[in-house]
Every structure is written in structure tokens, then in C-alpha cells.
Amino acid sequence: MVISWGGDRPYRRGLAIGVDIGGSKVAAGVVNAAGRVLERVRTETPDRSKSPKVVEDTIVGVVEELRRRHPVRAVGIGAAGFVDEQRATVLFAPHLSWREEPLRDALRDRLELPVVVENDANAAAWAEARVGAGRGASDVVVVNLGTGIGGAVVIDGELYRGRHGIAGEFGHMTVVPGGHRCECGNRGCWEQYASGNAVTREARELAAADSPVARALLNAVAGDPRLITGPLVSELAAEGDRACVELMEEAGTWLGVGLANLAAAFDPELFVIGGGVSESGELLLAPARRAFRRSLTGRGYRPEARIEAAELGNEAGLIGAADLARDALPRWRQGRRQGRIGSRPVHRRGRPGAPE
Numbered sequence: 001m002v003i004s005w006g007g008d009r010p011y012r013r014g015l016a017i018g019v020d021i022g023g024s025k026v027a028a029g030v031v032n033a034a035g036r037v038l039e040r041v042r043t044e045t046p047d048r049s050k051s052p053k054v055v056e057d058t059i060v061g062v063v064e065e066l067r068r069r070h071p072v073r074a075v076g077i078g079a080a081g082f083v084d085e086q087r088a089t090v091l092f093a094p095h096l097s098w099r100e101e102p103l104r105d106a107l108r109d110r111l112e113l114p115v116v117v118e119n120d121a122n123a124a125a126w127a128e129a130r131v132g133a134g135r136g137a138s139d140v141v142v143v144n145l146g147t148g149i150g151g152a153v154v155i156d157g158e159l160y161r162g163r164h165g166i167a168g169e170f171g172h173m174t175v176v177p178g179g180h181r182c183e184c185g186n187r188g189c190w191e192q193y194a195s196g197n198a199v200t201r202e203a204r205e206l207a208a209a210d211s212p213v214a215r216a217l218l219n220a221v222a223g224d225p226r227l228i229t230g231p232l233v234s235e236l237a238a239e240g241d242r243a244c245v246e247l248m249e250e251a252g253t254w255l256g257v258g259l260a261n262l263a264a265a266f267d268p269e270l271f272v273i274g275g276g277v278s279e280s281g282e283l284l285l286a287p288a289r290r291a292f293r294r295s296l297t298g299r300g301y302r303p304e305a306r307i308e309a310a311e312l313g314n315e316a317g318l319i320g321a322a323d324l325a326r327d328a329l330p331r332w333r334q335g336r337r338q339g340r341i342g343s344r345p346v347h348r349r350g351r352p353g354a355p356e
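At position 39 of the sequence shown (counting the first as 1) the number is 39 in the UniProt record's numbering, and the numbers step up by one without a gap.
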């Protein structure tokens, strides 16, 4: 299934709300057609042990708060989990209590607005491709480096989601057969070598070995390796600590190897690297580019994709979700006319005379 740019069609104008749901927060923003966030709200995600309705109530609360001040036309939800091909049901969310949860219809009935549910990595990739680091490029692969590795693919200006809606799980490509055990159950997954978790694991092992090169790391955590985090390694690397620079270079090298595999599969013109680990900038990207060139199939006889840092930061998910929601407007209106969607009038909370 693909989702296209949509060009400059009239329904792409106006305001939409994007909601980015993670394991610890719900962030929402009012976004215009140019990708600018006009207002933001943020609240904590209810405890994962609570019912799905508690999370749903939280989403409705932030959306209603923003609707009181803006004439929004649609709502997009970016959820960390598997979303079905209809962009309606969250099949599985590892950090929330959603299992086969019909989130789109539940929210649509309560908000009386068109609602789209999208995987959060897809939403962020769409934003980067349309208004971020990938603008102007038609074939873009976005890789998000955080605790794990996620991503998405835009081909010929279209977001590719796969037949079942769950494409882009790049982090679980096997790069080292029989390697480190992954939470997914397999061994040697890419995210075990190039993610924030990978950097943290390697740094803790180095410190636990009481290596003299880990002095700065141990001093920063009062001698307790368990307190070492990925952001700490990145911070010390930026300050020039040699051991931490080497740890970031190692992660960058594995990043480049994985990107070469993705280039063999998709042949994009651009890779956009986002997520918290990418904030290390050239400490990560420079070794990634070197490893990419060394590992690229047909190297020396084919064009090389560029590798650039993402531009939109933590707001990419909600910007992309809002933009994708605008694509739901024609289907929403057609469904209302045909009686497939509730016929109650939409109660707009924006300024008097706001456009329909």
C-alpha cells in the first residue's frame, strides 16, 4: 500500500492536529500545510497497565484542548507499534496496552473529525521527506536511531507501507548471524549494533572491565557502570573523550553497513538519519559514510546515495501524522455522504467562520 504526496490539492490546505504517542508521553500540535507547528501540548502517557480507553481519553483531551483555539480539519495519530494497512487498528504496541485496538474508529466517533492512525516512524519519515531534510527528493529512506532502529521508505514521492502496513522494521535485519540476542527473539539484528541500546551496552561492558580508557565514563557515573547511558557517551564523545569517540565510530560503522544493505534493496537518492542517537552528528555520520562506501554493492560503478541528518527533531512524528490526516478528508466526506460514517454534524471549536 502506498500513500502519495497529494500535491497542492485543495484539501491539503488548512490546519490538522498531529499526535505522537510514545511509551512515556503524548505530544500533540496544530500543524499547517507547510509543516509549521502553530501550538503544542504535551502530557504523560498513562501507565501501560491501564486500559486502552485511558490512553484514548488522554488523546481526546489534548485534541479537544487544541480544537478550542484552532479550526482544525483532521487528526493524525502516530503510534509506536504495528498499524494495519487500513491505518485504523493498532495491531500491537509494545509500550502500551493496545492489542488489535480499533483506535481510528473509536477516536473518530468521539471527535467527529477524520482520523488517521499511522506508525510513528512512518509519520516522522513522511514529514522529513516532505518538509524536512528530504524535501525535493523523490526516493528517500529514513532511519531513526533511538533505543532501537526504526524507519520508513518513500519511493517516487509515496510512502511505502507494505502489504500488511508494517514495512520499515529495518532494525531487525540480520547483520551478524548468531550475534547478540535481540528483544525480537532473533540474533544479530542491526539494532543490536547501531542503536542507542548498542552504544550503552558496549560502554557499560568497557567500564565494567575497569579499562583505563574508560576513566571518563566511570568518573561521570561515580564508578557505577549501570548508570552509563547513550546520551552520556555522546556527550563525552563531543568533548573529545577517545573511548567514547571510538564507541560512536563503531556504531556509525555498523550504521553504514546496514545502509548499504538498504541501498541494495531500495536504491534511494537520500538516507535521512534521525532519532536521538543521530544528534551526535558527524561523530556518527562520518564513519557511517565511510562504511557505506566500503560495503555498497557495485561500489565504484554506481551512484551513491547521500546520507544526511534529519532536520525536524522530535516534532517530525506529529508533523507527519497531521499531514497524512489531510489525505483522509476526501474519504471522510465521501463516507459521510454515503452514510458509512456517523451523520452527526461536526462541532467546530475554532474561530467563527472557519473554513469547512
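Note that beta-carbon positions come from the ideal geometry of N, C-alpha and C, so glycine has one too.
DSSP-derived helix/strand/coil call for Glu20: Translated into positions along the sequence shown, residue 20 becomes position 20. Rather than Glu, the amino acid found at residue 20 in this sequence is Asp. It is a strand residue.
Closest Cα partner of Leu91 within the set Ala34, Ala209, Leu255 and His164: As a first step, residue 91 is located in the sequence shown; it is residue number 91 there, counting from the start. The option with the nearest alpha carbon to Leu91 is His164.
The segment 234-246 contacting the segment 163-179, beta-carbon criterion three pairs below 8 Å: no
Option in Val63, Asp105, Ala152 and Val19 with minimal Cα separation from Leu262: Working through the sequence shown from its first residue, we reach residue 262 at position 262. Closest by alpha carbon: Ala152.
Cα-Cα separation between Ala288 and Trp254, rounded to whole angstroms: Position 288 of the sequence shown, counted from the start, is the residue given in the question as residue 288. Position 254 of the sequence shown, counted from the start, is the residue given in the question as residue 254. Roughly 7 Å between the two C-alpha positions.
Segments of 3+ residues assigned as beta strand (DSSP E) that fall wholly inside the segment 77-110: 90-92 and 99-101
Residue closest to Leu145, alpha-carbon to alpha-carbon, out of Leu227, Val272 and Gly300: Here residue 145 refers to the residue found at position 145 of the sequence shown. Here the closest residue by C-alpha is Val272.
Short Cβ contact (9 Å threshold) for Leu107 with Ala79: The residue given as residue 107 occupies position 107 in the sequence shown. The residue given as residue 79 occupies position 79 in the sequence shown. Cβ distance not < 9 Å, so Leu107 and Ala79 don't count as in contact.
Continuous alpha helix (DSSP H) stretch holding Ala238: start and end: On the sequence shown, position 238 is the one that residue 238 refers to. Where Ala238 is concerned, the enclosing alpha helix (DSSP H) stretches over Gly230 to Ala238.
Whether Val41 touches Glu65 by CB criterion (9 Å): Position 41 of the sequence shown holds residue 41. Position 65 of the sequence shown holds residue 65. Their beta carbons are under 9 Å apart, which means Val41 touches Glu65 by this criterion.
Ala354 (DSSP reduced to helix, strand or coil): Taking the first residue of the sequence shown as 1, we reach residue 354 at position 354. Bear in mind that the predicted position of Ala354 carries a pLDDT of just 36, short of 50, making it unreliable; the figure below should be weighed with that in mind. Here Ala354 sits in coil by DSSP.
Chain D within 9 Å of Thr200, Cβ atoms only: Within the model displayed, chain D is absent; a lone protein chain is all it includes.
Endpoints, the alpha helix (DSSP H) within which Arg294 is located: One-based indexing of the sequence shown puts residue 294 at position 294. Note, Arg294: alpha helix (DSSP H), Glu282 to Ser295.
Three-pair Cβ contact test at 8 Å for the segment 14-23 versus the segment 70-88: yes
Distance between Gly185 and Thr147 (C-alpha atoms, nearest Å): Within the sequence shown, the letter at position 147 stands for residue 147. Within the sequence shown, the letter at position 185 stands for residue 185. Approximately 16 Å, taken between the alpha carbons.
CB of Glu100 within 9 Å of CB of Arg69, strictly: Along the sequence shown, one-based indexing puts residue 100 at 100. Along the sequence shown, one-based indexing puts residue 69 at 69. No, these two residues do not count as a Cβ contact at 9 Å.
Proximity below 9 Å, CB of Gly132 to CB of Gly35: Along the sequence shown, one-based indexing puts residue 132 at 132. Along the sequence shown, one-based indexing puts residue 35 at 35. Contact: yes.
Strand pairing of Val75, partner residues [DSSP]: Stepping through the sequence shown from its first residue, residue 75 is reached at position 75. For Val75, which the question treats as bridged, DSSP gives the partners Ile17 and Val115.
Same chain only: Cβ atoms within 6 Å of Val154, ignoring 5 sequence neighbours per side: In the sequence shown, the residue the question calls residue 154 occupies position 154. Ala129 and Val140, listed in sequence order.
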